[in-house]
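Peer 1: Residue numbers (this note's numbering): 14 to 91. Have a look at this one before I ask anything.
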């Protein structure tokens, strides 16, 4: 593997973010959040998996998105 696991995780996060954007779906790029804030490196000690405090930050990022989505009518098919 030439690029390493962080490269793959970054590519995955970017792909999911782009897919959500194309479908006009709500989403949060937690990987991007942690990657762009050096002060959060202690929340993701191995660079991939967040610790309990990192999970709390992800919940804070997701909560407003989920609450907003719940206010919207459900459309589409599963």
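C-beta atoms are modelled at their ideal positions from N, C-alpha and C, and glycine is treated no differently.
From this set, 50, 28, 19 and 56, which residue's C-alpha is nearest residue 67's C-alpha?
Peer 2: 56
Peer 1: My output table needs one value for residue 67: the three-state DSSP class, helix, strand or coil.
Peer 2: DSSP places residue 67 in helix when its eight states are reduced to three.
Peer 1: Does DSSP put residue 86 in a helix, a strand or coil?
Peer 2: coil
Peer 1: Three-state secondary structure (DSSP) at residue 19?
Peer 2: In the structure shown, residue 19 falls within a helical segment according to DSSP collapsed to helix, strand and coil.
Peer 1: Going by beta-carbon coordinates alone, are residue 38 and residue 74 separated by less than 8 angstroms?
Peer 2: With contacts defined as CB atoms closer than 8 angstroms, residue 38 and residue 74 fail to qualify as a contacting pair.
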